[in-house]
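Asker: Under numbering that gives the first Met the number 0, the first residue of the sequence shown carries the number 0, and numbering increases by one thereafter. For glycine and all other residues, C-beta sits at the position ideal for the given N, C-alpha and C.
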Amino acid sequence: MKRGLPKVDVEGLESFIPEAEIFAWLERTRDPAPERVRAIIRRSLDKNRLEPEEMATLINAEAPELVEEIFEGARELKKRIYGNRIVLFAPLYVGNECINRCEYCGFRADNPEVQRKTLLGDELVAEVEALQELGHKRLIMVYGEHPKYDAQYIRDTVREVYQARKGPGEIRRVNINAAPLDVEGFRIVKEAGIGTYQIFQETYHRETYEKVHPSGPKSNYLWRLHGLDRAMEAGIDDLGIGALLGLYDWRFETMALLYHTIHLEERFKVGPHTISFPRLEPAVGTDIGRITAQYAVPDQDFKRLVAILRLAVPYTGLILTCRESVALRNEMLSFGVSQIDGGSSIGVGSYAAADPDAFKKSQFVLGDNRSLDEIIRELCEAGFIPSFCTGCYRKGRTGEHFMEFAIPGFVKRFCTPNAVLTFLEYLNDYAEGETLEAGLRQIERELDAMPESRAKEELRERMGQVRAGARDLYF
Ligand code: SAM
Ligand code: SF4
0 MKRGLPKVDV EGLESFIPEA EIFAWLERTR DPAPERVRAI IRRSLDKNRL
50 EPEEMATLIN AEAPELVEEI FEGARELKKR IYGNRIVLFA PLYVGNECIN
100 RCEYCGFRAD NPEVQRKTLL GDELVAEVEA LQELGHKRLI MVYGEHPKYD
150 AQYIRDTVRE VYQARKGPGE IRRVNINAAP LDVEGFRIVK EAGIGTYQIF
200 QETYHRETYE KVHPSGPKSN YLWRLHGLDR AMEAGIDDLG IGALLGLYDW
250 RFETMALLYH TIHLEERFKV GPHTISFPRL EPAVGTDIGR ITAQYAVPDQ
300 DFKRLVAILR LAVPYTGLIL TCRESVALRN EMLSFGVSQI DGGSSIGVGS
350 YAAADPDAFK KSQFVLGDNR SLDEIIRELC EAGFIPSFCT GCYRKGRTGE
400 HFMEFAIPGF VKRFCTPNAV LTFLEYLNDY AEGETLEAGL RQIERELDAM
450 PESRAKEELR ERMGQVRAGA RDLYF
């Protein structure tokens, strides 16, 4: 029997976002002494998660030289923890039907201008094959909130994606961005073997939240706020949080992301795997200018908040999407953004078929329209190593047993070798010309930087196996 959407039930739930306390920290830490700011940066460089007072201090450090020190701190932390690897993924929009009325989203129920579309079996497979032909291995599947897209539907569509195969193509990790479910619903989705379940709170400021989500299940702030707690209770311990920037003051939202992190750490002993910070983009039939009139986040503040998040939660992955421009994305990579999407297309069904009306089926407009091949070439030229690694969740390295990067030497042991192996696979199967050359050069640079050891020998052996046709090797 179809379950349909869960019943919104918030009995006994309370907010763990202490609004008054956040405002108080932001007020009390105004005009911080440079020495205090530097001490906080040092504590972060020792790989400590920062406390709210410390984050508020960094937010209030507005003098240009302090801002530059914060940027430099983020760059340094990135080098110490993350190395050169950048994980690549692509979004796959499964359906844009929706019963909510989020003011800012092109998919909202009362938007007459959006063309509704849900991928049916063959269409879904065609989309996945088109993504495989680009070389993608990791997807995030995105769903509107609609009785059609219940937990079983999400589970079944994820399974279809894992089963699809085109040539050497294969999707090895599916993350989800969908509405919050009840515990049983999360258990059902978990059966398909998902990676991260992402739910963005959009705005943590309750009054604003209620204003921009006037009806539908999403209008309930607490149901959404506790969504990831329910996912944890269902055994999904790989979670993504996020705030949609432009709805309310970014300073508040950045603090709230930290409070959400602390809440998950305290309750489940594991923080979020990733944090996202999308900025609002134009969407069909939607007056984004009006919505962001008061709180639009300028580029400079955006850079500050990303650098501050990097310092505040050293071990959490940061995701930056194609909503942002090429120039800004390139700059943010050096601040420790760890995952980006590439070659994205966000019209439902628009990977498989060029669609002149794609915009009308899309949720918003992209700022970076480079192909995956171009992004990869540019990443290599800038000294990064693209990674399609899916090793951790398949080896069970998630959740409480394992917080990514928290183990000393983890990046050296797993991430870099797995980046090399999965990238070599990509180069063999999909790249040519300048991209191939730039990619092979980057792999050589990574190897040169590794000290001779048994692990390096093993990596070389496996690289030989990949060249000889072996696939999906990882540590
Ligand atoms: N329907 C589910 C939900 O709302 O959680 C998941 C899919 S929704 C399409 C994914 C995310 O897109 C939202 O959480 C929101 O943060 C983001 N989004 C919505 N409208 C946007 C816009 N105009 N610009 C940028 N991001 C937007
Ligand atoms: Fe629907 Fe999600 Fe868009 Fe809101 S953000 S209208 S819930 S798809």
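(1) Contact check, V188 vs V173 under 8 Å by CB: the rounded distance?
(2) How big is the Cα-Cα spacing for D149 and G215?
(3) Using only the alpha-carbon positions, how far apart do G520 and A38 sit?
(4) With a threshold of 7 Å on Cβ separation, who are the neighbours of G194 within its own chain once the five nearest residues in sequence on each side are excluded?
(5) Taking just the CA atoms, how far does C414 sit from R250?
(6) Looking at the C-beta of L279, does it have a partner C-beta in chain D at a distance below 8 Å?
(7) Measuring CA to CA, which of E18, V160, E75 is closest to S333?
(8) My guess is that S452 and L224 are in contact by the Cβ rule of under 8 Å, so how many angstroms apart are they, rounded?
(9) Is the distance from the Cβ of I240 to the Cβ of P277 below 8 Å?
(10) In the stretch 207-284, which residue ranges form an unbroken alpha helix (DSSP H) of at least 4 residues, counting only runs that do not cross its ends?
(11) Run through DSSP, which three-state label would I16 get?
(12) Going by beta carbon distance, what residues of the same chain come within less than 7 Å of G226, once the five residues before and after it are set aside?
(13) Name the two residues that bound the continuous alpha helix (DSSP H) containing G168.
(14) So does the stretch 381-391 actually touch the stretch 414-433, counting three or more Cβ pairs closer than 8 Å?
(15) My understanding is that L243 touches L279, with C-beta atoms under 8 Å, so please give their C-beta distance in whole angstroms.
(16) What does DSSP give as the partner residue(s) for A475 in the beta ladder?
(17) In this structure, how does DSSP classify V296 when only helix, strand and coil are distinguished?
(18) Just to confirm my understanding: we take A233, look at its own chain, exclude 5 residues before and 5 after, and list those with CB closer than 7 Å. What are they?
(19) Among residues of its own chain, excluding the 5 on either side of M254, which ones have a beta-carbon nearer than 8 Å to its beta-carbon?
(20) Can you give the Cα-Cα distance for I357 and E377, rounded to whole angstroms?
(21) For G468 and T421, what's the separation of their Cα atoms in angstroms?
(22) Does the Cβ of N368 have 16 or more other Cβ atoms within 10 Å, making it buried, or fewer, making it exposed?
(23) Whose CA, out of E68, A177, L65, lies closest to the CA of L4?
(24) Below 8 Å CB to CB, which residues in the same chain sit around D155 once its five sequence neighbours on both sides are set aside?
Answerer: Quick look at the numbers:
(1) Position 189 of the sequence shown, counting from 1, holds the residue named residue 188. Position 174 of the sequence shown, counting from 1, holds the residue named residue 173. Actually they are not in contact, since the Cβ atoms of V188 and V173 sit about 10 Å apart, beyond 8 Å.
(2) As a first step, residue 149 must be located in the sequence shown, where it is residue number 150. As a first step, residue 215 must be located in the sequence shown, where it is residue number 216. When rounded, the distance between both Cα atoms is 15 Å.
(3) As displayed, the chain neither begins before 0 nor continues past 474, which places residue 520 out of reach and without an answer.
(4) What you label residue 194 is simply residue 195 of the sequence shown in a count that begins at 1. If we look at G194 and ignore the five residues flanking it on each side, its Cβ neighbours are R172, V173, N174, D237, Y392.
(5) Position 251 of the sequence shown, counted from the first residue, corresponds to residue 250. Position 415 of the sequence shown, counted from the first residue, corresponds to residue 414. Approximately 32 Å between the Cα atoms of the pair.
(6) Annotation note: the requested chain D is absent from the structure, which comprises a single protein chain.
(7) As a first step, residue 333 must be located in the sequence shown, where it is residue number 334. Selected option, being the one with the closest Cα: E75.
(8) Taking the sequence shown and counting its residues from 1, one reaches residue 452 at position 453. Taking the sequence shown and counting its residues from 1, one reaches residue 224 at position 225. Incorrect: roughly 46 Å between the Cβ atoms, too far for contact.
(9) Counting from one through the sequence shown, the residue named residue 240 turns up at place 241. Counting from one through the sequence shown, the residue named residue 277 turns up at place 278. No.
(10) Secondary structure in the stretch 207-284: the alpha helix (DSSP H) runs of 4 residues or longer, each lying completely within the stretch, are 220-224, 226-232, 249-267 in chain order.
(11) Within the sequence shown, the letter at position 17 stands for residue 16. Residue state, collapsed to three classes: coil.
(12) As a first step, residue 226 is located in the sequence shown; it is residue number 227 there, counting from the start. Same-chain partners within the cutoff: P179, I198.
(13) As a first step, residue 168 is located in the sequence shown; it is residue number 169 there, counting from the start. No alpha helix (DSSP H) holds G168; DSSP gives it neither H nor E.
(14) yes
(15) As a position in the sequence shown, residue 243 is number 244, starting the count at 1. As a position in the sequence shown, residue 279 is number 280, starting the count at 1. Yes, L243 and L279 are in contact; Cβ-Cβ is about 6 Å, under 8 Å.
(16) One cannot answer for residue 475 here, as it falls past the ends of the chain, which runs 0 to 474.
(17) As a working mapping, residue 296 is identified with position 297 in the sequence shown. Three-state result, V296: coil.
(18) What you label residue 233 is simply residue 234 of the sequence shown in a count that begins at 1. Closer than 7 Å at the Cβ level, and outside the excluded window around A233, lie V182, F185, R186, K189.
(19) Taking the first residue of the sequence shown as 1, we reach residue 254 at position 255. Closer than 8 Å at Cβ, skipping near neighbours: I21, W24, L25, P51, M54, A55, I58.
(20) Counting from 1 along the sequence shown, the entry for residue 357 is found at position 358. Counting from 1 along the sequence shown, the entry for residue 377 is found at position 378. Note on identity: in this sequence residue 357 is Ala, with Ile being the wrong assignment. The straight-line gap from Cα to Cα measures roughly 27 Å.
(21) As a first step, residue 468 is located in the sequence shown; it is residue number 469 there, counting from the start. As a first step, residue 421 is located in the sequence shown; it is residue number 422 there, counting from the start. Looking at the two C-alpha atoms, the distance is approximately 12 Å.
(22) On the sequence shown, position 369 is the one that residue 368 refers to. So N368 counts as exposed.
(23) Here the question's residue 4 lines up with position 5 in the sequence shown. If we check each option's Cα against that of L4, A177 comes out closest.
(24) Counting from 1 along the sequence shown, the entry for residue 155 is found at position 156. So the list reads A191, once near-sequence residues are dropped.
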